[in-house]
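Chemist: Residue numbers (the working numbering): 9 to 513.
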């Protein structure tokens, strides 16, 4: 038989299988119709409503929710999907029925790069996830551990301030510099040292991570029509496997270095995250036996989440400050009152910078770095607000839409930090009007560490320098276009000209 006939036969079998899958879905829908699915677009056979999503899915889903409601049901390919778009609806999924929706769906990108989702962030709910979550809360991201890296944060931030001061009156690429700062700080926390680009790959350390994030953010047909996953029609699986090999070679090298030098290391020194993770392997104190693939996957979690999320939050907040000179001057006035102009900001000053905290909240409201958070998956059938949510549904919490809900916020499109002056709304997932880090069991475990970095970097950059947009660009002309991804950053790098503002001594 020729290859042509084999291809035709396989294609016909696949079509038959897809048709059978579609008919099964229709039969299932008929059974559940009496249970009342949430309203939503009907979609096409097989492909569902995939055609309704463009370059900015969070905005497309926001528009659809205005038509269909805050709890919206749609099929993306063959996958039942629920989109949540208001604080009240989010509370039902993330608090009232939190346990039902505490799992994560299997996704091709994380299957290949995170060792079949053996990490913390994307692991399905179960004994392993509970073990690692407990471990991260009590050890990895404890207040003690965050504080232990205080001097390192100061060293790296001082290097950035020194560079900017030496290049004042020249245009600085703040997006690139903040990204590099976060990469260096993350490497020192995770690995105990910075790695040069040539030690990683010819594309560079951050370049490979950004490439991986780009593939992960690309809609993969295999995630929506699982029967197509093995065909790799988009070539994404091939690319993801190649990236995963680069990561794995690097991690084998890093872990080998740590194992080799562990016996000669000073036990009193500050242990990095790799040291701590390796110490958990084979431990009888954990409810689940952690192996080397779990360690590798969690390390990648820390790299990917630690580098891009904080950098994007800083980038967007600086953008809003440059776009709103009134707010920028008010931030600097507070810094002068709390810190003075004879020294730089210390971490001990941060708790006294109330207006800066308002600015960060307002920036995260308008620019949540993960606008759809990360998808949840229902572990069983559930009734939410009278609607039937089927088992294995994917749940998207549209934090971007929640931050613009006119019933929760006055003038929701306006950047106005003073709306937080009463201090009642926080960022830690208790107030569902503002959940950039998620809420409930699957909220971001590194939230406090991320906020510490964001607050410190912003305070230092705004205290040490006045900033002016280059080429005569007026504040209201600053391009704020988004580049959507798992972490949504600026489409164009933020460029600005600094002038040192502290007393020279």
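A virtual CB, placed ideally from N, CA and C, is assigned to each residue, including glycine.
Use the C-beta contact count for residue 177: other C-beta atoms within 10 angstroms, 16 or more gives buried, fewer gives exposed.
Modeler: Residue 177 is exposed by the Cβ-count criterion.
Chemist: Thinking just about the alpha-carbon of each residue, which of 364, 453, 336, 397 is nearest to the one in residue 43?
Modeler: Minimum Cα distance to residue 43 is reached at 397.
Chemist: Report the rounded CA-to-CA distance for residue 541 versus residue 79, giving the unit in angstroms.
Modeler: Summary: the structure shown does not reach residue 541, with the chain confined to residues 9 through 513, and so no result is reported for it.
Chemist: Round the Cβ separation of residue 251 and residue 216 to the nearest angstrom and send it over; I've been treating them as touching at under 8 Å.
Modeler: Between residue 216 and residue 251 the Cβ distance is about 7 Å, and since that is below 8 Å, they are a contact.
Chemist: In chain order, what residues of the same chain lie with their CB nearer than 8 Å to the CB of residue 438, ignoring the 5 residues before and after it?
Modeler: Closer than 8 Å at Cβ, skipping near neighbours: 447.
Chemist: When DSSP labels each residue in this structure, what does residue 489 get in the three-state scheme?
Modeler: Correct three-state label for residue 489: coil.
Chemist: Any chance the stretch 314-328 sits against the stretch 186-205, with 3 or more Cβ pairs inside 8 Å?
Modeler: With the cut-off at 8 Å, the stretch 314-328 and the stretch 186-205 touch.
Chemist: Taking the alpha-carbon positions, what's the residue 477 to residue 500 distance?
Modeler: Distance between the alpha carbons of residue 477 and residue 500 is about 14 Å.
Chemist: Classify residue 9: buried if its beta carbon has 16 or more other beta carbons within 10 angstroms, exposed otherwise.
Modeler: Below a pLDDT of 50, predicted positions are generally treated as unreliable, and residue 9, at 39, falls in that range; the measurement from the model is reported next regardless. Counting Cβ neighbours within 10 Å, residue 9 comes out exposed, since fewer than 16 surround it.
Chemist: Just to check my reading of the structure: residue 101 and residue 298 have Cβ atoms closer than 8 Å, yes? What is that Cβ distance to the nearest angstrom?
Modeler: That belief does not hold up - the Cβ atoms of residue 101 and residue 298 are roughly 30 Å apart, past 8 Å.
Chemist: Is there contact here, the stretch 158-178 with the stretch 254-264, by at least three beta-carbon pairs under 8 Å?
Modeler: They do not touch, by the three-pair rule.
Chemist: Give every residue of the same chain whose Cβ lies closer than 8 Å to the Cβ of residue 488, excluding the five residues on either side of it in the sequence, and list them in chain order.
Modeler: The residues are 327, 331, 498.
Chemist: Within its chain, find whatever has a CB closer than 6 Å to the CB of residue 56; leave out the 5 residues flanking it on each side and keep chain order.
Modeler: Around residue 56: 83, 84, 85.
Chemist: How many Å lie between residue 75 and residue 385 at the Cα?
Modeler: Whole-angstrom Cα-Cα distance: 24 Å.
Chemist: Run through the stretch 375-413 for me and flag every whole beta strand (DSSP E) of 3 or more residues, listed as ranges in chain order.
Modeler: Whole beta strand (DSSP E) segments, 3+ residues: 390-392, 395-397, 402-405.
Chemist: Give, in chain order, every unbroken run of the beta strand (DSSP E) that is at least 3 residues long and sits entirely within the stretch 437-462.
Modeler: Taking only runs of at least 3 residues, no beta strand (DSSP E) segment lies wholly in the stretch 437-462.
Chemist: Could you spell out where the beta strand (DSSP E) holding residue 81 opens and where it closes?
Modeler: Here the beta strand (DSSP E) through residue 81 covers 79-84.
Chemist: Checking the sheet assignment: what are the DSSP bridge partners for residue 506?
Modeler: Answer by DSSP bridge pairing, in chain order: 475.
Chemist: Whether or not the stretch 410-417 and the stretch 350-358 are in contact is what I'm after, with contact meaning three or more pairs of Cβ atoms, one per stretch, closer than 8 Å; do they touch?
Modeler: Judged by Cβ distances under 8 Å, the stretch 350-358 makes no contact with the stretch 410-417, as fewer than three pairs qualify.
Chemist: Start and end of the alpha helix (DSSP H) containing residue 108?
Modeler: Counting along the chain, residue 108 falls outside any alpha helix (DSSP H), and DSSP gives it neither H nor E.
Chemist: Is the stretch 455-466 in contact with the stretch 109-126, if contact means three or more CB pairs nearer than 8 Å?
Modeler: The stretch 455-466, when compared against the stretch 109-126, does not touch it at the 8 Å Cβ threshold.
Chemist: Over the uninterrupted beta strand (DSSP E) stretch that includes residue 87, give me the two end residues.
Modeler: From DSSP, the beta strand (DSSP E) with residue 87 extends over 87-92.
Chemist: Starting from residue 56, follow its DSSP beta bridges and name the residues at the other end.
Modeler: Note: residue 56 sits in a beta bridge opposite 52, 84.
Chemist: Please say whether residue 442 and residue 372 have beta carbons closer to each other than 9 Å?
Modeler: Against a cut-off of 9 Å, the Cβ pair of residue 442 and residue 372 comes out as a contact.
Chemist: How close, in whole Å, do the beta carbons of residue 108 and residue 401 come, if the pair is a contact with beta carbons under 8 Å?
Modeler: The pair is not a contact, with the Cβ atoms about 10 Å apart (cut-off 8 Å).
Chemist: Quick test of your reading: residue 132 and residue 112, contact by CB under 8 Å. State the CB separation rounded to the nearest angstrom.
Modeler: That pair is a contact at about 6 Å.
Chemist: In angstroms with no decimal places, state the Cα-to-Cα distance between residue 233 and residue 54.
Modeler: The straight-line gap from Cα to Cα measures roughly 8 Å.
Chemist: Thinking residue 49 and residue 60 are a contact (beta carbons under 8 Å), I'd like their distance in whole angstroms, please.
Modeler: Yes, they are in contact, since the Cβ atoms of residue 49 and residue 60 sit about 6 Å apart, within 8 Å.
Chemist: Which same chain residues, not among the five before or five after residue 511, have their C-beta less than 7 Å away from its C-beta?
Modeler: Only 349, 350 meet the Cβ criterion.
Chemist: Kindly indicate which three-state DSSP category residue 351 falls into: helix, strand or coil?
Modeler: Residue state, collapsed to three classes: coil.
Chemist: Between the alpha carbons of residue 245 and residue 225, how many angstroms are there, rounded?
Modeler: Rounded to whole angstroms, residue 245 to residue 225 spans 13 Å at the Cα level.
Chemist: Would you tell me roughly how many angstroms separate the C-alpha atoms of residue 212 and residue 253, rounded to the nearest one?
Modeler: About 15 Å.
Chemist: If you reduce the DSSP assignment to three classes, tell me which class residue 498 lands in.
Modeler: Note: residue 498 maps to strand in three-state DSSP.
Chemist: Indicate the three-state DSSP secondary structure (helix, strand or coil) for residue 181 in the structure shown.
Modeler: Reduced to three states, the DSSP call for residue 181 is strand.
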